[in-house]
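At position 217 of the sequence shown the residue is numbered 217 (the UniProt record's numbering), and the sequence of numbers has no breaks.
C-beta atoms are modelled at their ideal positions from N, C-alpha and C, and glycine is treated no differently.
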Amino acid sequence: MTTSAELPFIPARYYARLAELMAARGLDAGAVIAVAKINEGVLADPDGRLTLPQVEALIAEVYRQAPDIPWAFELGRSLKLSSHGMLGYAMLSSPNLDYVLQLLARYFRIIMPTFRLQYRRTSEHEEVVLSATATLSAQNLLFHVETIAVAWHWEILSLLSGEMPAYDLYLSIAAPRHVERYQALKPARWHFGWPIQPGFRILYPKGLVGRELVMADPGALQLAERQCSEQARQTLREGRLVEWVTAMLTYSRDVITTREELADLLNISPRTLDRRLQDEGASFRELSRRIRFQRACDLLEAGQMSMVEIALELGYRDSANFTRAFRREAGITPSRWLAQHAVAALSR
């Protein structure tokens, strides 16, 4: 995990909305902001950013002054897709939920750099996992996990025009005092005390992510993604390159797969990309190899594609080349790996 000194700045727009909620509740928002040493002009600026210590101080002061108000729940409930700037616009313009989740996995760092979002499709469900990438105070962590989870529920529901089947959302936080409010957040089934890691896990039923979205707009999406890429480049100047490259290789799938394309997206040369990755103790070849192998395992487990189709999906010329590459990684052929995996699944 990164330390607070290594973190990029955090977009101020979410805490500007928190200040509005404070004022609506009769609190002196200006005084709270002053305690956190935040300039009100920064909150008013759409591109304003805060440091992690400022965010920590703001949240601590809000709860000190009004500890009985469920601030995280209320903030999450008040956020809309438009709250996320260009990334929200890209989400609105996407063709389906699968594309939305890929976008979020690639660019979540833009809107909340202290967390990482992962998205994975399996044979049984679609899975989203949010995890902290920074050392946060317990109060700060609880606040952001709850805010993001509640906002996520309403925003995905909005994208699907309110038509969503039941799904499961597991939060690492304990059930809050206002847990009864979650009964209205249907059709989500809320589970508290998820023990795996700080963050949350979402399981969507199979097939949901393929549903077409009513506001899909390819032209607008292309423009929005270009802006997201520019914002990502800015965060890379302040953050870690390995994490971003890993996300792009994992979730861009057929869109961006080569070192040259990634370097072009960052407006740097491939050699500079290699050098910066090397500075962080990694290499593009190793990252690509590892991610391709994991993708192969996921496709084999899903059982929806033939060996030839998987080989072509992963960029191999034929199934023989794929089999040789897979055996180098796993020590066994893909068919043998699949058989062993099936036996292990039955024994669990």
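Note that the C-beta distance between Arg189 and Asp217 is not below 7 Å. Rounded to the nearest angstrom, the gap between the Cα atoms of His84 and Met112 is 10 Å. Taking the Cα positions, Pro67 is about 51 Å away from Gln304.
Per DSSP, the beta-bridge partners of Ser131 are Arg116, Gly199. Beta-bridge annotation (DSSP): Tyr204 is paired with Glu126. Each residue's CA atom was taken as its position, placing Ile59 and Arg295 some 39 Å apart.
Taking a C-beta distance under 7 Å as the contact criterion, Ala12 and Leu52 do not qualify as a contact pair. The Cβ atoms of Leu87 and Cys297 lie no closer than 7 Å to each other. For Gly199 against Ser137, the beta-carbon gap comes to about 15 Å, at or over 8 Å, which does not count as contact. Across the set Gly76, Leu249, Met22, Arg290, the C-alpha of Gly76 shows the shortest separation from the C-alpha of Leu142. Here Arg201 is buried, its C-beta having at least 16 other C-beta atoms within 10 Å.
Taken atom to atom, the span from the alpha-carbon of Gly193 to that of Ser269 is near 45 Å. In the DSSP assignment, the residues bridged to Arg121 are Glu126.
One Cα belongs to Leu117, the other to Leu104, and the distance between them is close to 7 Å. The three-state reading of DSSP puts Asn39 in coil, since its state is none of H, G, I, E or B.
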